[in-house]
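> Throughout the sequence shown, residue numbering follows our numbering, covering 364 to 711 in sequence. Backbone N, C-alpha and C define an ideal beta-carbon position, used for all residues, glycine too.
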Amino acid sequence: MERNEIEEIVLSIHLKGEIIERKRGTYGIVFIVKQQAQAIPKYVAYKTTKDKFDKNKLDTFIREARVWFEKLKGHPLILTPFYITNIENRPLICMPFCEKTLRDYLNEHKSLKPIEALVITSQILKGLIFARSKGIESHQDLKPENILLEDLSKKFAEWPPQNVDQSLKWQVRIGDFGCANAWRELGEPGGTKPYMAPEQWELKRLKDKIRDKRTDTKEREKLSKELEKKKKEMDFSKVDVFAIGIILYELLTGKHTIGVKTSDVWPEPKEGFPKRYKKDDRWKKWSKKASENIKLENLELKEEIESLIKDMLLPDINERLDLHSAFKRVMDLLHKLHKPTAKQLELL
Numbered sequence: 364m365e366r367n368e369i370e371e372i373v374l375s376i377h378l379k380g381e382i383i384e385r386k387r388g389t390y391g392i393v394f395i396v397k398q399q400a401q402a403i404p405k406y407v408a409y410k411t412t413k414d415k416f417d418k419n420k421l422d423t424f425i426r427e428a429r430v431w432f433e434k435l436k437g438h439p440l441i442l443t444p445f446y447i448t449n450i451e452n453r454p455l456i457c458m459p460f461c462e463k464t465l466r467d468y469l470n471e472h473k474s475l476k477p478i479e480a481l482v483i484t485s486q487i488l489k490g491l492i493f494a495r496s497k498g499i500e501s502h503q504d505l506k507p508e509n510i511l512l513e514d515l516s517k518k519f520a521e522w523p524p525q526n527v528d529q530s531l532k533w534q535v536r537i538g539d540f541g542c543a544n545a546w547r548e549l550g551e552p553g554g555t556k557p558y559m560a561p562e563q564w565e566l567k568r569l570k571d572k573i574r575d576k577r578t579d580t581k582e583r584e585k586l587s588k589e590l591e592k593k594k595k596e597m598d599f600s601k602v603d604v605f606a607i608g609i610i611l612y613e614l615l616t617g618k619h620t621i622g623v624k625t626s627d628v629w630p631e632p633k634e635g636f637p638k639r640y641k642k643d644d645r646w647k648k649w650s651k652k653a654s655e656n657i658k659l660e661n662l663e664l665k666e667e668i669e670s671l672i673k674d675m676l677l678p679d680i681n682e683r684l685d686l687h688s689a690f691k692r693v694m695d696l697l698h699k700l701h702k703p704t705a706k707q708l709e710l711l
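(1) Could you tell me the alpha carbon to alpha carbon distance between Leu700 and Ile383, rounded to whole angstroms?
(2) Could you compute how far the alpha carbon of Leu378 sits from the alpha carbon of Ile657?
(3) Please classify Ser654: is it buried, with 16 or more other beta-carbons within 10 angstroms of its beta-carbon, or exposed?
(4) Residues in the same chain with beta-carbon distance under 6 angstroms from Ser530, minus the five sequence neighbours each way, listed in chain order, please.
(5) Report all residues from its chain with a CB closer than 7 angstroms to the CB of Pro632; omit the five preceding and five following residues, and keep chain order.
(6) What residue range does the alpha helix (DSSP H) around Phe605 cover?
(7) Whose C-alpha, out of Lys651, Tyr558 and Lys592, is nearest the C-alpha of Pro507?
(8) Let me know the secondary structure DSSP gives Phe394 once reduced to three states.
(9) Could you tell me the distance, in whole angstroms, from the CA atom of Glu584 to the CA atom of Thr578?
(10) Are the stretch 493 to 504 and the stretch 433 to 441 touching by the rule of at least three beta carbon pairs closer than 8 angstroms?
(11) Grab me the residues of Glu513's own chain with a C-beta within less than 6 angstroms of its C-beta, minus the 5 sequence neighbours each way, in chain order.
(12) Report the option in Lys518, Cys542, Trp629 and His502 whose CA atom is closest to the CA atom of Gly391.
(13) Once the 5 residues before and after Glu551 are set aside, which same chain residues still bring their CB inside 6 angstroms of it?
(14) Ignoring anything shorter than 4 residues or poking outside the stretch 615 to 642, list the alpha helix (DSSP H) runs there in chain order.
(15) Applying the criterion that 16 or more other CB atoms from any shown protein chain within 10 Å of the CB defines a buried residue, is Asp644 buried or exposed?
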């Protein structure tokens, strides 16, 4: 029996349930646990580090736990943990179980109709507006894998009402706050390559140059001052708007704005796709031109939705929409598409 199997058996005993699924992310792993009979809820999720002896991953995990418990706990659009525990030196955050991630949902449907894509997008934006009101300037790592969906029709009878779009059955739960405020607090730009805004790439370039042993002391000091200046001046919440613009385009087309399905080229290019999709330069160059590649076909309110996405992907952070402006435009579009659905969403 392998070490991982033994560890999971030990975890199952301590967690008083059966591990029925494992989901691995960049820094952590999530165990889906079916609790013992009579326990409520029937299913819960436990998030932990991939390696309990990796200090950097442990620090990231602790930061995420603090953000959740100290600032964001209780909001319906943010994944709220139940408690944190420790088993054999491995910290675990117990969280509500959600049926699927937005990536799972998109893979199942290939693309969504405009009203459904905008309903989901409005919830992501609203959740981040709340987070910002609690001191979270930016999530810094938004992507479909970090957005979970909870089926409200399983919790509430006769939901959603018949007069609204049935996509309201899904409630967004934003998760994975391990990179939240990492720029402001740690000087780390964060992000996942296909969703990183131009300013994240620029900050990454500066950080890499400062860390490079070949950079002399004088140049390093100059770069450090430039970095500090950017840290004071930049509205980093707009990196989230950029990522949401990519996500909205994906929901509508099934593809990333670079022209291919994201899961075909990231994190590991599938057969038939060149390895250059792994390289930073390809994504960095694309991010500066992302707003130029927005073309939708045969959609209601096509031109207005295209304009919205372009304005969310503008390379100049000062010209790009902020969270509130993007949310307002999404809701305006929803009112045009289906007023009862927009009104119900506003009530929620």
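Reading it off the structure:
(1) Leu700 and Ile383 have their alpha carbons spaced roughly 40 angstroms apart.
(2) Approximately 47 angstroms, taken between the alpha carbons.
(3) Flag for Ser654 reads buried.
(4) The beta carbon of Ser530 sits closer than 6 angstroms to the beta carbons of Glu479 and Val482 from its chain, once the five residues preceding and following it are set aside; these are given in chain order.
(5) Correct list, in chain order: Lys638, Tyr640 and Lys641.
(6) For Phe605, the uninterrupted alpha helix (DSSP H) segment begins and ends at Lys601 to Thr616.
(7) With distances taken between CA atoms, Pro507 lies nearest to Tyr558 out of Lys651, Tyr558 and Lys592.
(8) Note: Phe394 maps to strand in three-state DSSP.
(9) Straight-line spacing of the CA atoms in Glu584 and Thr578 works out to 10 angstroms.
(10) Between the stretch 493 to 504 and the stretch 433 to 441, the count of C-beta pairs closer than 8 angstroms reaches three or more; the two stretches touch.
(11) Closer than 6 angstroms at the Cβ level, and outside the excluded window around Glu513, lie Cys461, Gln534 and Arg536.
(12) Among Lys518, Cys542, Trp629 and His502, the Cα nearest to that of Gly391 is on Cys542.
(13) Excluding sequence positions up to five before and after Glu551, its CB lies within less than 6 angstroms of the CB of Ala545, all in the same chain and listed in chain order.
(14) As far as the stretch 615 to 642 is concerned, its whole alpha helix (DSSP H) runs of at least 4 residues are 625 to 628.
(15) By the neighbour-count rule (16 or more Cβ atoms within 10 Å), Asp644 is not buried but exposed.
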